[in-house]
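Trainee:
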Amino acid sequence: MARKASPYDEYDVLDEIGDGSFGSVHHAKHKKTGHVVAIKKMKRKFHSLSECTNLREYKALRLLSAHANIVQLHECFLSPAPAKEFYFVMEYMDGGNLYQLMKERRAHGGLERGEVRRIW
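Going by full-length UniProt numbering, the sequence shown opens with residue 1, and the numbers climb by one from there.
Here's what the structure looks like:
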């Protein structure tokens, strides 16, 4: 993982697409290439790069990067002190996340077996 200070030097943030317990996710576009991505800013502050790479989410994204149904991790950023903010730059997936899909389908009897097989 390269030690870069801020995604805002390379990406234009367009809008917030989600906010949870661990971080917020923004829709963004690379300034030079126009490539659309999702940037997750972790709410917790980090003291070192090794602390970031020990995150379960980081490890899972690296390990499962070849899976068709897992978003691709493009790069990470750790801002310098005093902020020490950690960012994931990931593949942007239009249409929401798995939790949102399950929540929508719960009102209509849940996901069908074929859908579950296709997702997993």
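A virtual CB, placed ideally from N, CA and C, is assigned to each residue, including glycine.
1) Enumerate in chain order the residues of its own chain whose CB-to-CB distance from Val36 is below 6 Å, with the five nearest sequence positions on each side excluded.
2) How far does the beta strand (DSSP E) with Leu78 in it reach, from first residue to last?
3) Does DSSP put Gly41 in a helix, a strand or coil?
4) Tell me whether Asp9 sits in a helix, a strand or coil according to DSSP, three-state version.
5) Does the Cβ-Cβ distance between Lys31 and Asp12 come in under 8 Å?
6) Measure the alpha-carbon distance for Lys41 versus Ile119 and round it to whole angstroms.
7) Residue range of the beta strand (DSSP E) that Met93 falls in?
8) Can you tell me which of Glu112, Phe77, Thr33 puts its alpha carbon nearest to the alpha carbon of Pro7?
Mentor: So, from the data block:
1) Locating residue 36 in the sequence shown gives position 36, counting from the first residue. Once the five neighbours on either side are set aside, the close Cβ partners of Val36 are Lys29, Tyr92.
2) Working through the sequence shown from its first residue, we reach residue 78 at position 78. Leu78 -> beta strand (DSSP E) spans 73 to 78.
3) For this step, residue 41 is matched to residue 41 along the sequence shown. Going by the sequence as given, residue 41 is Lys instead of Gly. Three-state result, Lys41: strand.
4) For the purposes of this step, residue 9 is taken as the residue at position 9 of the sequence shown. Three-state result, Asp9: helix.
5) One-based indexing of the sequence shown puts residue 31 at position 31. One-based indexing of the sequence shown puts residue 12 at position 12. Taking 8 Å as the Cβ cut-off, Lys31 and Asp12 qualify as a contacting pair.
6) If you number the sequence shown from 1, residue 41 lands on position 41. If you number the sequence shown from 1, residue 119 lands on position 119. Cα to Cα, the separation comes out at about 26 Å.
7) Here residue 93 refers to the residue found at position 93 when the sequence shown is read from its first residue. That residue, Met93, is in no beta strand (DSSP E); it is neither H nor E in DSSP.
8) If you number the sequence shown from 1, residue 7 lands on position 7. Residue Phe77 is the option with its Cα nearest to Pro7.
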